[in-house]
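**Q**
Residue numbers (the working numbering): 997 to 1111.
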């Protein structure tokens, strides 16, 4: 039975893999999609959840899990951006092709009474 106890005085760092950087978590990208764009399908919020999960996995040291969540977050963010751009283009097309000519026709009809 040993008579003494050894206490290491140097802090023990977690094992780091040389040559492999920790994956990005895309948290700011997800916050931008959630707060600024706010698309109707709530994809920005779902991407935010995956970004937080990626950050948690990275802090725990599970780089493979963090990479998986980060890729999913990036894909959802890109789909949200594309969906918002298509929605914006669709609204502009409807505005310029349908609503503006209809409003001009209404203004012309109201200025010339039929009697």
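Ideal placement from N, C-alpha and C gives every residue a C-beta, glycine not left out. What you are looking at is a predicted structure, and each value in this text was computed from that prediction instead of being measured.
I'd like the list of long-range same chain contacts for residue 1040, defined as Cβ closer than 7 Å, with 5 residues on each side in sequence excluded.
**A** Position 44 of the chain shown, counting from 1, holds the residue named residue 1040. Hits under 7 Å: 1026, 1029, 1030, 1033, 1034 and 1076.
**Q** Got a sec, what are the start and stop residues for the alpha helix (DSSP H) residue 1064 sits in?
**A** The residue given as residue 1064 occupies position 68 in the chain shown. Element bounds for residue 1064: 1059-1090.
**Q** Under the rule that 16 or more other beta-carbon atoms within 10 Å means buried, what is residue 1017, buried or exposed?
**A** Your numbering for residue 1017 matches position 21 in the chain shown. By the neighbour-count rule (16 or more Cβ atoms within 10 Å), residue 1017 is not buried but exposed.
**Q** Apart from the five residues on each side of it in sequence, which residues of its chain come closer than 6 Å, Cβ to Cβ, to residue 1062?
**A** Sequence index remark: in the chain shown, residue 1062 carries index 66 (1-based). These residues qualify, in order along the chain: 1019, 1050, 1053 and 1054.
**Q** Quick check on DSSP: helix, strand or coil for residue 1020?
**A** For this step, residue 1020 is matched to residue 24 along the chain shown. Three-state result, residue 1020: coil.
**Q** In angstroms with no decimal places, state the Cα-to-Cα distance between residue 1068 and residue 1079.
**A** The count along the chain shown starts at 1 and reaches residue 1068 at position 72. The count along the chain shown starts at 1 and reaches residue 1079 at position 83. One C-alpha to the other measures close to 16 Å.
**Q** In whole angstroms, what separates the C-alpha of residue 1022 from that of residue 1091?
**A** Position 26 of the chain shown, counted from the start, is the residue given in the question as residue 1022. Position 95 of the chain shown, counted from the start, is the residue given in the question as residue 1091. Residue 1022 and residue 1091: Cα-Cα distance of roughly 34 Å.
**Q** What is the rounded straight-line gap between the Cα of residue 1100 and the Cα of residue 1060?
**A** Here residue 1100 corresponds to residue number 104 of the chain shown, with the count starting at 1. Here residue 1060 corresponds to residue number 64 of the chain shown, with the count starting at 1. Spanning the two alpha carbons is a distance of roughly 59 Å.
**Q** Just mark residue 1106 as buried or exposed, buried being the case when its beta carbon has 16 or more other beta carbons within 10 Å.
**A** Taking the chain shown and counting its residues from 1, the one referred to as residue 1106 is at position 110. With fewer than 16 other Cβ atoms within 10 Å, it is exposed.
**Q** Over what stretch of residues does the alpha helix (DSSP H) that includes residue 1052 continue unbroken?
**A** Counting from 1 along the chain shown, the entry for residue 1052 is found at position 56. Here the alpha helix (DSSP H) through residue 1052 covers 1039-1056.
**Q** What do you get for residue 1044, buried or exposed, if any count of 16 or more other CB atoms within 10 angstroms of its CB means buried?
**A** Along the chain shown, one-based indexing puts residue 1044 at 48. It counts as buried.
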